Amino acid sequence: MDAIKCLISRRSIREYTDQPVTERDIEDIVMMSQMASCWENTQPIRYVAVLDQELKDRLAKECTVDFPWNTENIHAAPALIVLCIVKGLSGYEPDGSFSTKKGTHWQSFDAGVAAAHFCLAANALKFGTLIMGRYEEDKVKEILSLPEEYDVSALIAIGHPAVIPAASERKPLSDVLSVRS
1092 MDAIKCLISR RSIREYTDQP VTERDIEDIV MMSQMASCWE NTQPIRYVAV LDQELKDRLA
1152 KECTVDFPWN TENIHAAPAL IVLCIVKGLS GYEPDGSFST KKGTHWQSFD AGVAAAHFCL
1212 AANALKFGTL IMGRYEEDKV KEILSLPEEY DVSALIAIGH PAVIPAASER KPLSDVLSVR
1272 S
C-alpha cells in the first residue's frame, strides 16, 4: 500500500473478523512503528501485546468498568496492544530536570507519534486498529505486572476489519490551516 493511500484510508475499527492476530503479525507492525521519531532518539516506547483471550477479557472486565464502550471494543478485537512509555526520558535532561517548559508533555507527544505509526503500519498490512484512552491505568499495570517506570499511554485494539466505516467528516482546510508568507 502506498503512503498516501495508507494515510487517507486508516479508520478506527470496532468490528473484527475471527481471524487471529499472530505474534509474527505484531512483530512486523512493531518493527515498522519503531521508526517513529522520538525525543533525542531515547526510544521510550514499549509495546505489550496481549494475545491471550482470557487475559484480554480480564483487562476488558477489570480496567474499563466505567467505560463500557471500551470493554466491548477490547472484547471484539482478537488482540490488544498496551502502548507504554518509559518515564523520565522524553523531555528530560540526564539529571532528571525538564528540558523545556512543557514538562511531561513530551511523553504524551512521543506516545502519540508511536501510536499513529503503529496504526498506520497495521493499516499498511491490512489490519484495523482502535486507539483507546479511557481505562484504569493502575489496574492495567497490575494485571500485566508492568514495571513501575512504565506509564500506560494507550490501549490499541487490533484485528482484521469486518467492517470499514466511511471517513468521518473533516473540517474545511481553511479552519485548520493558516499560512504566514
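Counting from 1092, one number per residue, gives the positions in the sequence shown under this note's numbering.
Quick reminder that beta carbons are idealized off the backbone N, C-alpha and C, glycines included.
Treat the numbers as computed from the prediction; the structure is a model and nothing was measured.
With respect to the 8 Å criterion, Y1107 and A1207 are not classified as neighbours on the basis of their beta carbons. For S1265, the uninterrupted alpha helix (DSSP H) run begins and ends at 1264-1267, by DSSP. V1270 counts as exposed, since fewer than 16 other C-beta atoms from the protein chains shown sit within 10 angstroms of its C-beta. Minimum Cα-Cα distance from S1100 among the listed residues T1220, Y1241, L1246 corresponds to T1220. Counting the other CB atoms within 10 Å of its CB gives A1212 a total of 16 or more, which places it among the buried residues.
Under DSSP, L1237 takes part in no beta bridge, so it has no partner. Straight-line spacing of the CA atoms in E1114 and T1191 works out to 38 Å. Within the segment 1171-1232, the complete beta strand (DSSP E) segments of 3 residues or longer fall at 1219-1223, listed in chain order. Under DSSP, L1246 forms a beta bridge with V1173, M1223. Around the CB of N1132, fewer than 16 other CB atoms lie within 10 Å, so the residue is classed as exposed.
In this structure, the beta-carbon distance from I1136 to D1242 does not fall below 8 Å.
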